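J.: One structure, as structure tokens, below. Some questions next.
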Amino acid sequence: VADEATELVCRALSEVADVLSTHKDELTELDMPIGDSDHGINMARGFEAVREQLPVLEKGGVPAALRTAGMTVVSKVGGSSGPLYGTILRKLGITAKKMGGLTLDSFTVGLDAGFKGIQELAGAKEGDKTMLDAMAPAIRSLERSVEAHQGIAEALDAAAAAAAEGAETTIPLIARKGRASYLGERSVGHKDPGAASFAYCMAAIAQAYKN
Ligand code: ADP
Ligand code: MG
Ligand code: MG
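All residue numbers for the sequence shown refer to the UniProt record's numbering, where the first residue is 358 and numbers rise by one.
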């Protein structure tokens, strides 16, 4: 029987798969004007593959579940978002292991490690109109919540709201990384699909915690 933390992680992965499937067309449409119209398809395919693995993932611990889910996302997504989301999952797993379990604190540190991992891997920084623009405010919100000893449900809700706001802030930006950067100034006026998908993932995690 899986422990509670592993069950929570699997519930969150399942909720992420649900939300990405619900918003698949919308995410693909966001990728139409500034990309190659596949972001929703990519993300939904990756996390559907993770969902199929859940019966196996539930039997391991948190680090193994996150590491395996990360590898699956990298191999199934195809697009550049695959290695980026894979990095987040892998870093969350490594950090949970290092910090002796999954807590709001280790989740926050792990997400920040994912952010830094993406920066290293893909060379983007906050303000480049990528998923990092949704991640950064979510991480800052979580750090404030940890500092203030806020409850986990409240903290995750606040982080999801911060990520959604962060995704909105990408609209007026000029893309500096990824496919959208090929458009230069013509990327202005469109929301970054990866920032939008990250905000949906944060909302899914907050929802899974309440279920
Ligand atoms: P692809 O661009 O290969 O078709 P997707 O459409 O699945 O991949 O994902 C596009 C999203 O990936 C972008 O909206 C952006 O948020 C993110 N992304 C792409 N390149 C980078 C990068 N260099 N750094 C950070 N995020 C990136
Ligand atoms: Mg694309
Ligand atoms: Mg593509």
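By construction, the Cβ of each residue, glycine as well, lies at the ideal position given by its N, Cα and C atoms.
Computed from a prediction, not measured in an experiment: that's the story for all the values here.
Would you check if the region 444-451 and the region 411-423 touch, i.e. whether three or more CB-CB distances between them fall below 8 Å?
T.: yes
J.: Is the region 397-406 in contact with the region 370-389, if contact means three or more CB pairs nearer than 8 Å?
T.: yes
J.: Examine ligand 1 and report whether any of its heavy atoms sits within less than 7 Å of the Cβ of Ala556.
T.: It does not: the Cβ of Ala556 is nowhere closer than 7 Å to a heavy atom of ligand 1.
J.: In terms of alpha-carbon separation, which member of Lys455, Val466, Ile531 lies closest to Ser502?
T.: Val466
J.: Straight-line CA distance for Ile562 to Glu542?
T.: 34 Å
J.: Is Asp395 a contact residue of ligand 2, with contact defined as CB to any heavy atom under 7 Å?
T.: yes
J.: Since Met488 contacts Leu441 with CB under 8 Å, what's their CB separation in whole angstroms?
T.: 6 Å
J.: With Pro440 as the anchor, note down where its alpha helix (DSSP H) starts and where it stops.
T.: 438-455
J.: Write down the C-beta distance between Lys473 and Thr527 rounded to the nearest angstrom, noting that I regard them as a contact closer than 8 Å.
T.: The Cβ separation is near 20 Å, so there is no contact.
J.: Do you know how far the Cα of Gly443 is from the Cα of Thr429?
T.: 8 Å
J.: Which term fits Tyr557, buried or exposed, when burial requires 16 or more other beta carbons within 10 angstroms of its beta carbon?
T.: If you draw a 10 Å sphere on the C-beta of Tyr557, you find 16 or more other C-beta atoms in it, and that means buried.
J.: Report whether the distance from the Cβ of Asp388 to the nearest heavy atom of ligand 2 is below 7 Å.
T.: The closest heavy atom of ligand 2 lies less than 7 Å from the beta carbon of Asp388.
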